[in-house]
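Notes follow the structure.
Number of protein chains: 2
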Amino acid sequence: MEVNNYKVIFKVSGGEEVVVFAPPGESLLETAKKANVAIDAPCSGNGTCGKCRVKLLSGNAEGGNERHISPEEYVEGWRLACAVKAVSELIVQVPDVAQAYKSRMKVTALSESRERAAFEALQQELEDMGFHGDSGLELVTVHLKQPALDDAMADQERLLWTIAAQTGKAAGISFFAQRKLPKVLRESDFSCICVLRQEDGAENRILDVMPLGENGGGIAGLAIDIGTTTVVMVLTDLKTGALLAAGSSGNGQIRYGADVISRIIQSTRPGGRERLRTAVVDECIVPLIKGVCHTAGLQPEQIYRVTVAGNTTMSHLFTGIPADYLRLEPYVPAFFQAGSLRGADLGIGVHPDAEVVLAPNIGSYVGGDITAGVFSSMIFKKTSFSLFIDLGTNGELVFGNREFLISCACSAGPAFEGGDISCGMRATDGAIEACAIDEETMEPHPTIIGPAGQKPVGICGSGLIDIIGELFRCGIINAKGQFIREGKRVRQDVWGIGSYVVAFAEETASGRDLALSDVDIDNFIRAKAAIFSAIRSMLVMVDFSMDTLEDVYVAGGIGSGINIERAIRIGMLPNLPVEKYHYIGNTSLTGAYAMVNSRKVCEKITEISRGMTYLELSSHPGYMDEFVAACFLPHTNGVLFEHHG
Amino acid sequence: MEVNNYKVIFKVSGGEEVVVFAPPGESLLETAKKANVAIDAPCSGNGTCGKCRVKLLSGNAEGGNERHISPEEYVEGWRLACAVKAVSELIVQVPDVAQAYKSRMKVTALSESRERAAFEALQQELEDMGFHGDSGLELVTVHLKQPALDDAMADQERLLWTIAAQTGKAAGISFFAQRKLPKVLRESDFSCICVLRQEDGAENRILDVMPLGENGGGIAGLAIDIGTTTVVMVLTDLKTGALLAAGSSGNGQIRYGADVISRIIQSTRPGGRERLRTAVVDECIVPLIKGVCHTAGLQPEQIYRVTVAGNTTMSHLFTGIPADYLRLEPYVPAFFQAGSLRGADLGIGVHPDAEVVLAPNIGSYVGGDITAGVFSSMIFKKTSFSLFIDLGTNGELVFGNREFLISCACSAGPAFEGGDISCGMRATDGAIEACAIDEETMEPHPTIIGPAGQKPVGICGSGLIDIIGELFRCGIINAKGQFIREGKRVRQDVWGIGSYVVAFAEETASGRDLALSDVDIDNFIRAKAAIFSAIRSMLVMVDFSMDTLEDVYVAGGIGSGINIERAIRIGMLPNLPVEKYHYIGNTSLTGAYAMVNSRKVCEKITEISRGMTYLELSSHPGYMDEFVAACFLPHTNGVLFEHHG
């Protein structure tokens, strides 16, 4: 039987056209994914984020006349790709998704003190622990004897002989340096500066050579945090641990779905593994590296050591190692510890012989972001019991002390990083990161990241906690997240969806209303419920009560700060004294930063990872009940939050 | 002042056009080189080889109406690019030089017994010496415990743990194998075959993994000889040393000149280093590797070990390491021993972690082809004195015994490999490799390489020795190489150039006369004079007489055999008893073959190279006089050849 497929012509950026045949009933988002046409779709087709907008230029389609599209936009041809289906031949304009990433890409010299503070505090702690200055890399200046007719030893042997005599240990030389050596020696009167890496084996290794006077200042290392939603990196001087530059961008894999399961499924399709790898490496990491190097006045090849922390799926997709089996019983990763990778293996444009160290995974759902993060939190050193919570697209928990550490994972979704929320965004310029609401007037008092006068662009994780907490406190929404008051800022659209306008069109950067709908609130409630129920279930499984917790460390790129009181009020975090809580920022990144500066840190993290136990929450009989009970503000069991409710 | 340059449009293969502006008086060959337009020019513009033919399509040019162009061809527009200069805007058709290489590219299963013989004899000798089966690579079959929910160890750790237990030594895994592992394990019920490389350090290394049943037969290694004129390779099974396939082609760098000095100069121009590297790697080595692998039924990634022998310039240009200083006083190479190179560094398409070992250089003009060749000749083991002669584009000599070895080099030019000779060619199908001439009738009796009925295409090195030796013996040419008899086969053209027709048009493959001109003979005489005078000078310098030579080993791709008696007759080799001579073929290749099969051979060659002394012939006051005296048949000093003269 022949199926009557519809011809769809996607017009993408740069004037290119992609022609594909869509079976009846398939959404344009699905059709586009198969044809590898990039459409920004953080909610992966759930119809919640409203970001997969496309414009019909000709032909007939049904659906897509959805609440995210205004009547005017509908007339112009705008539809949500996830909701619209071809019923004739179509020509479809696709907005440039690369543009969307680029607009989210940001490189700074990291001058803002509050961002530096976390690194500087950690660096101080590492120095106190003796974990510093052992990246294994050093600069060695050598002066060679000039060759002559009666001393025609080759350049390379001349250098290696001198280095061995000078350092007391033989050395090999990387191919990269071999190709530079003859000219460098002759530019600098047969003297040069070598970047030398200490090795365990019989020989150290010369990674680079340069004329005297060049790069006398330092040796650069790079720490990367690859999050499901966001990629962040810092460039550091390995001699001092000083920060040289920082960069962040959205993870280009977002078009293949917001969560790790969607990404894994996409990666198993023909060519998918390479597409997913390219989406994060070529579209995000490589341009970010160029950006941070440009800011620091370096070439990418001058990065001699790289560390990467990411969850297990991200570390597989980054390396192009099959992630297929992560989601299939018995949930076995391809690797825990990636082993000795080189810059050239990974195509990231740094020095080809740079050692690239991935923070070790401990299971399919607890990965390097957590092992690096646990190190950074220092809970592994304490005698008292701590809880470490990483609020990312996946939520991960680690409980324990210096004697034992137990971890588990839950799927929170991207809401904490602004995904899956119609007006969500990451914690960068324009994000509402905090907000009080006047109970009387229902007027908001937002705090916006950025320079004075910055207009709001969206709401980041900490802002969502605040606004939802305040909406609940002011009685604007009920325990189910439904709107129960009326007013200028509370409205209901033609589909019966209620929303709260945080900023009116004339106040925002986009010129459109910035509003939080009850669908957004519902998404957020499920995210916070996932976290809270995971905490409860884990403690029950190991038979500890909440009271044993001396400290709770909250990590994640949720915002530059988090109002713990409001997070407790909405039932996201346990009702403990506020002073027990410590917001410690992006510990995946700070852990990677500690790793790049010190090999001892890497060894310590490996040791921590080997000792960590993984609990599978889904096998805990009470977990689903806990989750359902937590899908209220603050919780169905009000006793748990009686000081806040 | 504005120079009135002429616009030249080169039409090259594939219909592409290259537009360039030529200053008045510049040859089209020069103009083409600057524009990176490939023209086959083995004599590098000396006007002797007659191979740089181009066809003028429009415009006016002067020169190029040269003896290599017939009047009919001249009318059609054919010119020699090295001799023709633009005097107006020109459109020039350039024959496809890639085609010329391709036609010279040859891959075989190496079934011909006379080619196999040298390898089999060497292999036997290596086994007797205990230099075999130690390539460091082995196949290990492992059976892993299946993972389960209560045993979710990652694939990689599961493999490494099992290998360590099974072999008694820890192992790391190459990135290439990491990416294959998860699927291989699940295709083969968690068993697999590993290609394991033994390492000196704490860990062996898994280079590859494959499902049970695949490649149970062997592990492939590749030995490459990179000659200035010719590239040759053999694929071998590292378990047995058996030959799997062989391939050869012209060196694509030929368009940048026939000798190493021209190549070095070209490599120092902007972009030149990469152009020279590409010309030999991408145009010759990579396609040959594909060819030999196809013949053997392997993928190039299944080559796990590679050895390369080439002269010092070739080893620099192959790796892309600057060769600039080789030709400048004090003649210092960038490296003697290239160190630990990997397949991926060199872009040759083999396993990215394959170890690539270059035979060590000992100076700017004695390189890895000689150190590998000396090993292959076994002269380093003898108590008696031997002379090793490598007849390549450079001629190199090594003299000595187990106590000492002395080497020197001379520039013979490409004549021995058929370059710089109008009808010259390499020793492949269609080459006249031997030839007797009837003194009475002056009729030739050639022996042609190839199947019965093969028509002659050209003359290879051994054929040239024969023909010139016979022309001299029969009194057809005098001691200066000038024609002194007349007849059907001896003619003189309008430029006064005499020639001997070895085969008339109707007998040849091309349908054109195959003739040796007195210019060719003169080129050849200078090549043989370079060799002979070098031998004499070297022995004088170290104060040994010819009589001390017990054995003379003649190596090189000059032909599958060489008639020593005729070589002595023309004064190319010293007048010693014929039984002292041994033609031992391409020892650069057989040496590389020994190296790929055995790490001990590599160590031995390094040891030999460190002990070898290099003599600079040009600093020997008598060398030029020796050379001039040797530019006769057989020599100005007839006493040296009194049994042959």
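Here the protein sequences line up with chains W and H, keeping their order. Numbered according to the numbering used here, the first sequence spans residues 1 to 645. Numbered according to the numbering used here, the second sequence spans residues 1 to 645. Virtual Cβ for every residue (Gly too), placed ideally from N, Cα, C.
{"Check": "Simplified DSSP assignment, three categories, for Tyr6/W", "Outcome": "strand"}
{"Check": "Interface flag, Asp200/H vs chain W, CB-CB below 9 angstroms", "Outcome": "yes"}
{"Check": "Contacts of Val231/H in chain W (Cβ-Cβ under 9 angstroms)", "Outcome": "Chain W residues near Val231/H: none, gap ~21 angstroms exceeds 9 angstroms."}
{"Check": "Cross-chain neighbours of Val332/H in chain W, by beta carbon under 7 angstroms", "Outcome": "Pro147, Ala152, Ala154 and Asp155"}
{"Check": "Leu182/W at chain H interface by Cβ criterion, 9 angstroms", "Outcome": "In the sequence as displayed, the identity of residue 182/W is Pro instead of Leu. Answer yes: the Cβ-Cβ gap between Pro182/W and chain H drops below 9 angstroms somewhere."}
{"Check": "Contact list for Pro322/H against chain W, beta-carbon separation under 8 angstroms", "Outcome": "Arg179, Pro182 and Lys183"}
{"Check": "Gly645/H versus Glu433/H - alpha carbon distance", "Outcome": "Bear in mind that the predicted position of Gly645/H carries a pLDDT of just 42, short of 50, making it unreliable; the figure below should be weighed with that in mind. In a straight line, the C-alpha of Gly645/H is about 23 angstroms away from that of Glu433/H."}
{"Check": "DSSP bridge partner residues for Leu222/W (one or two, in chain order)", "Outcome": "Leu235/W and Val306/W"}
{"Check": "Contacting residues, own chain, Cβ-Cβ under 8 angstroms from Gln482/H (five flanking each side not counted)", "Outcome": "Gly498 and Asp518"}
{"Check": "Strand pairing of Glu209/W, partner residues [DSSP]", "Outcome": "The sequence as given places Val at residue 209/W; Glu does not occur at that position. BP columns for Val209/W point to Cys194/W."}
{"Check": "Nearest residue (CA-CA) to Gly241/W, options Asn4/W, Pro182/W, Leu122/W and Val184/W", "Outcome": "Leu122/W"}
{"Check": "Pro352/H at chain W interface by Cβ criterion, 9 angstroms", "Outcome": "yes"}
{"Check": "DSSP beta-bridge partners of His68/W", "Outcome": "Note: His68/W sits in no beta bridge, so no partner."}
{"Check": "From Met541/W, Met572/W, Val260/W and Asp551/W, residue whose alpha carbon lies closest to that of Pro621/W", "Outcome": "Met541/W"}
{"Check": "Minimum Cβ-Cβ distance from Tyr682/W to chain H less than 9 angstroms", "Outcome": "The structure shown does not extend to residue 682/W, since chain W is modelled only from 1 through 645, so no value can be given for it."}
{"Check": "Interface residues of chain H facing Phe318/W [CB-CB closer than 7 angstroms]", "Outcome": "Neighbours of Phe318/W on chain H: none; closest Cβ ~12 angstroms, over 7 angstroms."}
{"Check": "Local Cβ density within 10 Å of Trp78/W, reported as buried at 16 or more and exposed below that", "Outcome": "buried"}
{"Check": "Local Cβ density within 10 Å of Phe404/H, reported as buried at 16 or more and exposed below that", "Outcome": "exposed"}
{"Check": "Contact with chain H by Leu122/W, beta-carbon distance below 9 angstroms", "Outcome": "no"}
{"Check": "Residue(s) in a DSSP beta bridge with Lys85/H", "Outcome": "Ser27/H and Glu62/H"}
{"Check": "Buried or exposed (CB count within 10 angstroms, at least 16 for buried), Asn204/W", "Outcome": "buried"}
{"Check": "C-alpha gap between Gly339/W and Leu549/W, whole angstroms", "Outcome": "35 angstroms"}
{"Check": "Interface partners of Asp345/W on chain H, CB under 7 angstroms", "Outcome": "Phe175"}
{"Check": "Burial state of Ser364/H, where buried means 16 or more other Cβ atoms lie within 10 Å", "Outcome": "buried"}
{"Check": "Environment of Phe131/H [buried if 16+ CB atoms lie within 10 Å]", "Outcome": "buried"}
{"Check": "Nearest neighbour of Thr660/W, chosen from Tyr325/W, Gly218/W and Ile289/W [CA to CA]", "Outcome": "The question about residue 660/W has no answer here: the residues shown for chain W are numbered 1 through 645."}
{"Check": "Opening and closing residue of the beta strand (DSSP E) in which Ile348/H lies", "Outcome": "Ile348/H -> no beta strand (DSSP E), and no H or E assigned at all."}
{"Check": "Proximity below 9 angstroms, CB of Gly552/H to CB of Ser384/H", "Outcome": "One detail in the question is off: residue 552/H reads as Val in this sequence, not Gly. Contact: no."}
{"Check": "is_contact[Arg186/H, chain W] using C-beta, thresh 9 angstroms", "Outcome": "yes"}
{"Check": "Stretch-stretch touch, CB-based, cutoff 8 angstroms, three pairs: the stretch 591–604 of chain H with the stretch 624–634 of chain H", "Outcome": "no"}
{"Check": "Backbone secondary structure at Trp78/W - three-state DSSP", "Outcome": "strand"}
{"Check": "Chain W residues whose Cβ lies nearer than 8 angstroms to that of Glu329/H", "Outcome": "Leu149"}
{"Check": "Beta-bridge partners of Thr447/W, as assigned by DSSP", "Outcome": "Ala434/W"}
{"Check": "Unbroken stretches of the alpha helix (DSSP H), 4 residues or longer, contained in the stretch 333–409 of chain H", "Outcome": "343–346 and 368–377"}
{"Check": "Chain H within 9 angstroms of Arg569/W, Cβ atoms only", "Outcome": "no"}
{"Check": "Closer than 9 angstroms to chain H by CB, Leu276/W", "Outcome": "no"}
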